[in-house]
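In my numbering, the protein residues as written are 678 to 1021.
The beta-carbon is built from N, C-alpha and C at its ideal position, and this holds for glycine as well.
Contents: one structure, followed by commentary.
Next comes the structure, spelled out in structure tokens:
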């Protein structure tokens, strides 16, 4: 059985999509799973043993380009028995349709009748979690999802991890606290840099080192955190934001003894690496896309106006994050990852 998955467009969603791949392998152990997704997602998919091939999708998020989608679809003709679509857009259904894949499965959305022939109607009360909505597409309509649910689990190769450590001159002679202070979604997910700095200072004084992760857009935030550390402590931190590839970031995160992260794609990466994790929530809620790791502490205030799910604070105060004191996160760190992880 050959299956084409049309993957999502966000880091966290792609990580959580592994639960679908795991369910497909449980149902059909011999099935072959290929994932059509943006090129940036390749390092994630290559670390999922359930995926045979990551197929690069050349179009940007939101681009229609019908001729290109038709060309890609025609190139895949005759190769798959089923397509499963994770996005709910009409555009995402075009390639499997042009490929003539016999069974095309997905949730109802954006007038996709005709493009899909295995259309599901989503019951949000029955499937409140995103992973449940992904997993349900692996089963027949109305089937009960088996428990316990699988968790995303990215596999790291020692050679690539060691290469990343060597490239950035990093040592594991002290426990590693990874900080992920960015969030592509917007400011309403970003815990203040001064709070992150206080957490970093507390752990460095305990004998830890701090690595900061993120995209190029997060580099300035990482520098702001480091600049708040006094000389002597600052040298025990490294701002990797924007300096690593996604592959290198994943491999280096696997070395962390503990992670503090906003609700972001890297939060889900850290969870899929099963790192002890403190997840900081402000405008969003863990009720839909919680981090799926064995050791997780959720820290949030839950004030009257949150969760609002807005990209920027409609009141301009960001109190859901600003009033969340560093001590809450420091105490949460004390409850997880008590012993440094051993990296083989």
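Looking at the secondary structure, which residues open and close the beta strand (DSSP E) in which residue i lies?
i           : result
residue 939 : 935–939
residue 795 : 795–797
residue 802 : Unbroken run through residue 802: none, as it is neither H nor E.
residue 709 : 709–715
residue 729 : 728–734
residue 886 : 886–889
residue 913 : Here residue 913 belongs to no beta strand (DSSP E), and DSSP marks it neither H nor E.
residue 759 : 759–762
By the DSSP assignment, the alpha helix (DSSP H) with residue i in it spans what residues?
i            : result
residue 691  : 688–693
residue 723  : First-last for residue 723: undefined, no H or E at that position.
residue 783  : Careful: residue 783 lies outside any alpha helix (DSSP H), inside the beta strand (DSSP E) at 780–784.
residue 874  : 870–882
residue 832  : Residue 832 -> no alpha helix (DSSP H), and no H or E assigned at all.
residue 997  : 996–999
residue 1003 : 1003–1012
residue 925  : 923–930
residue 947  : 942–949
Looking at the structure shown, is residue i part of a helix, part of a strand, or coil, going by DSSP?
i            : result
residue 956  : strand
residue 703  : helix
residue 808  : helix
residue 861  : coil
residue 849  : coil
residue 975  : strand
residue 740  : coil
residue 642  : In this structure the chain extends from 678 to 1021, so residue 642 is not present and cannot be described.
residue 906  : coil
residue 771  : helix
residue 1019 : Confidence is the limiting factor: at residue 1019 the pLDDT is only 48, short of 50, which leaves the residue's position unreliable and the question unanswerable from this model.
residue 854  : strand
residue 983  : coil
Taking 9 Å as the cut-off, decide whether the C-beta atoms of residue i and residue j are in contact.
i            : j            : result
residue 934  : residue 869  : no
residue 889  : residue 858  : yes
residue 975  : residue 956  : yes
residue 924  : residue 720  : yes
residue 834  : residue 928  : yes
residue 901  : residue 919  : no
residue 879  : residue 1003 : yes
residue 792  : residue 781  : yes
residue 954  : residue 926  : no
residue 863  : residue 966  : no
residue 827  : residue 703  : yes
residue 753  : residue 814  : no
residue 727  : residue 701  : yes
residue 731  : residue 685  : no
residue 741  : residue 768  : yes
residue 737  : residue 776  : no
residue 973  : residue 1013 : yes
residue 683  : residue 718  : no
residue 910  : residue 881  : yes
residue 871  : residue 838  : no
residue 831  : residue 946  : yes
residue 841  : residue 921  : yes
residue 771  : residue 810  : no
residue 985  : residue 977  : no
residue 1000 : residue 932  : no
For the putative contact between residue i and residue j, defined by C-beta atoms under 8 Å, what is the C-beta separation to the nearest angstrom?
i           : j           : result
residue 679 : residue 758 : 5 Å
residue 997 : residue 960 : 6 Å
residue 773 : residue 762 : 7 Å
residue 914 : residue 887 : 4 Å
residue 964 : residue 805 : 7 Å
residue 987 : residue 958 : With a Cβ gap of about 14 Å, residue 987 and residue 958 do not count as contacting.
residue 729 : residue 716 : Actually they do not touch by this definition, with Cβ atoms about 17 Å apart.
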